[in-house]
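FYI, the UniProt record's numbering numbers position 138 of the sequence shown as 138, with every residue one higher than the one before it. Note that CB positions come from ideal geometry on N, CA and C, so glycine has one too. First the structure, in the form of structure tokens, and then the observations on it.
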Amino acid sequence: KKRKSNVEETGYSSEYTSTTKNTRNSKRRNSRRIVGIAGRFCGEKIAASVNCTIKNILVLEGVASPSHHIFLGTLNTALAARGYNVTSLCAEDEKNSENLTYLPLDQVYQVMYNASNPEFDMQIDFFEMGDKSPLEQYMEADLFYKMTLAGIFQSNGYQQLKNYPKDFKFDLIINDHLMGPMLLPFVHHFNYPPLIGVTAFHSASTGYSILGSTFYPSFLTVSYFDIDISTFFGRIYNFLLTHFEWVFMKYYITPELDKMIRPEFPDSPYLDDLMPLHKIIMNNKHPAVDVSEPTLPGLISIGGMQIQQPKPLPADLQDILDGAENGVILFSLGSNIQSSELGEKRLREILETLRQLPKYTIVWKFEAEDFPFEIPKNNTILFITHGGLLTHKNTILFITHGGLLSTQEATWYGVPLLNLPIFADQANNARISKAAGVGEIYNIRTVERKSFLEAILNVLEDPKYRKNSQIRSKNFQDQPQMPLDRAIWWIEWILRNPDVSHLRSPSLDINIPQRHSIDIIAFLTVACFLWVLLTLWMTRKHSAGEDA
């Protein structure tokens, strides 16, 4: 049976709060369940639809990003709806609901965005971040990790979870592994329940080192940078960045995090020893949206898991969209970057561009209460703070930052894209969309009304973008099950089958030179070189003998 959260009363969100009375009631319920069933346990088919005992699931949302929470929050809600008791460490401001308790990481954003913070000399500017070199971005990533962890340690939710009794039983832990192992000491703290990695990021490379797979820089780019691997030197650059990222994470960032974590969890194994505990990895990937990658069976694709039946729009907004005879243009820069932060010059150029599109209804996700300029009277421009408009049949263009979740949702509903990438994987997502013929790319940093208008009209008026978007949508939607259902199935499979040694790759038992056959290549190279030297020596000796 579902139970309401009682974290406010006791400080604990899960089965730890059950009293002897709850135990007796549980035994009575279980006794009634097994009447007439051969054996003394529930069969697998019954367990799939009815929880024989309440399962406690801990979700570690270590990535401080609204988009990551949108993804994992969808999973949290679905698990709670199935009767699981879900506890989530989360940096977003969320309310508890039935079977779902959020422990707030309420100091993470304060640490990250506090300009007067004496510990970290950094202010996050996403436009500036996207302009920096890869080395500078890697160094900022290191600082981002440390700031996130410092904010976690100061948060009430972290202290609350840490104060749980060590003998409290979590039946499963779900970790957003994109930020690596920073919260994995909780696996040790709670006596090693099964561990699953789930992230809103799409590149399978985030799980390669965990599962023992191999990354292929010859045809897979580093997702955070805009790299052209169609050239030889582009592939060299991508090769170097790919391996530098792995070395930097393993030998610099992880040891630095270890130093921060050791005072908090003095008895925990080192972080690098906790990462292999992941049973499976589930990432936000689907070949209709991303580049296909070779993967191991332990890496499960749940791309688009956040896509659900949308909530009804307000009646007045619904009426406006229904009456948009020439179509709706949706403009949104996602959750991390707000349109209100574009700056006066960019906002003015964008508005003057939209002024020249009077026949279209334009919906702009604008976060500030007041727009700083006068709205053109010949336009229908709506300013909203929520999404859900990609589902409307009259939406004909999505002007977007190129974030993965936005790209997936536009793909699902077959809406063409005009991408304005700013940082992280957005340029890579935009490049993939352009290659698929579903959109174009425009530089928002240097936005200018004439070129911006040309870019918009190009996508609106060329039918190939709409046609290709419909094809891509069909490829994305035509699946045997919804991505969320797939994620739930694998989570319940792990609960039923915690021993997944048959999925474990033998590559985890050999070192990197052996895994890539570098030792064999080196041996054969040296052998060939010696053979050539020996042949030359024998030839010269033979020639010297004939001359004598």
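When only Cα atoms are considered, P104 and A91 end up about 6 angstroms apart. The beta carbon of V63 sits closer than 6 angstroms to the beta carbons of D176, L178 and M179 from its chain, once the five residues preceding and following it are set aside; these are given in chain order.
A distance of 7 angstroms or more separates the beta carbons of V198 and I173. Taking 7 angstroms as the cut-off, the beta carbon of R449 is found closer than this to the beta carbon of T353. The beta carbon of C528 is closer than 6 angstroms to none in its chain, skipping five residues each way along the sequence. Put simply, the backbone Cα of G403 is about 33 angstroms away from that of L508. Per the coordinates, the alpha-carbon of D131 lies some 10 angstroms from the alpha-carbon of F225. Under the three-state reduction of DSSP, S88 is assigned to strand. In the three-state reduction of the DSSP assignment, L389 falls in the coil class.
Exposure of H516 is indicated by the presence of fewer than 16 other C-beta atoms within 10 angstroms of its C-beta.
For Q154 and V108, the gap between their C-alpha atoms comes out near 8 angstroms. DSSP, read as helix, strand or coil, puts S209 in helix.
Residue environment analysis places R431 among the buried positions, since at least 16 neighbouring C-beta atoms fall within 10 angstroms of its C-beta. Here the alpha carbon of N394 sits roughly 15 angstroms from the alpha carbon of T411.
Per DSSP, the beta bridge partners of H278 are L195. About 22 angstroms separates the beta carbon of T148 from that of Q306, a gap too long to meet the 8 angstroms contact definition. In the structure shown, the three-state DSSP call for P104 is strand. G234 is classed as exposed because its beta carbon has fewer than 16 other beta carbons within 10 Å across all chains shown. Beta-bridge partners of F398 (DSSP): L330 and L417. Annotation: the continuous beta strand (DSSP E) that includes E440 extends over G439 to I441.
The region 67 to 82 and the region 160 to 171 do not touch, with fewer than 3 CB-CB distances between them shorter than 8 angstroms. Apart from the 5 residues on each side of it in sequence, L58 sits with its Cβ closer than 6 angstroms to the Cβ of T87, F170 and I173 in its chain, given in chain order.
CA-CA distance, L135 to I302, rounds to 31 angstroms. Look at V111 here: in three-state DSSP terms it is helix. Put simply, the region 178 to 196 touches the region 250 to 270. At least three CB pairs are less than 8 angstroms apart. Ranked by how close their Cα comes to the Cα of W246, the residues I521, I512 and I227 have I512 in first place. A direct Cα-to-Cα measurement between P255 and Q160 gives close to 26 angstroms.
Look at the region 127 to 203 and you find these whole runs of beta strand (DSSP E), each 3 residues long or longer: 172 to 175 and 195 to 199. A contact between stretches requires three or more CB pairs, one per stretch, nearer than 8 angstroms, and the region 332 to 352 meets this requirement with the region 361 to 379. A check of alpha carbon separations from R466 across G327, F239 and G212 identifies G327 as the nearest. Where V59 is concerned, the enclosing beta strand (DSSP E) starts and stops at N56 to L60. In the three-state reduction of the DSSP assignment, N283 falls in the strand class, which pools E and B. Between H278 and I350, the C-beta gap is not smaller than 7 angstroms, which leaves the two residues out of contact. In this structure I196 touches I494 by the C-beta definition: roughly 6 angstroms separates them, less than 8 angstroms. Contact holds between the region 276 to 294 and the region 479 to 494, because three or more Cβ pairs, one in each stretch, are under 8 angstroms apart.
With 16 or more other Cβ atoms from the protein chains shown falling within 10 Å of its own Cβ, F423 counts as buried.
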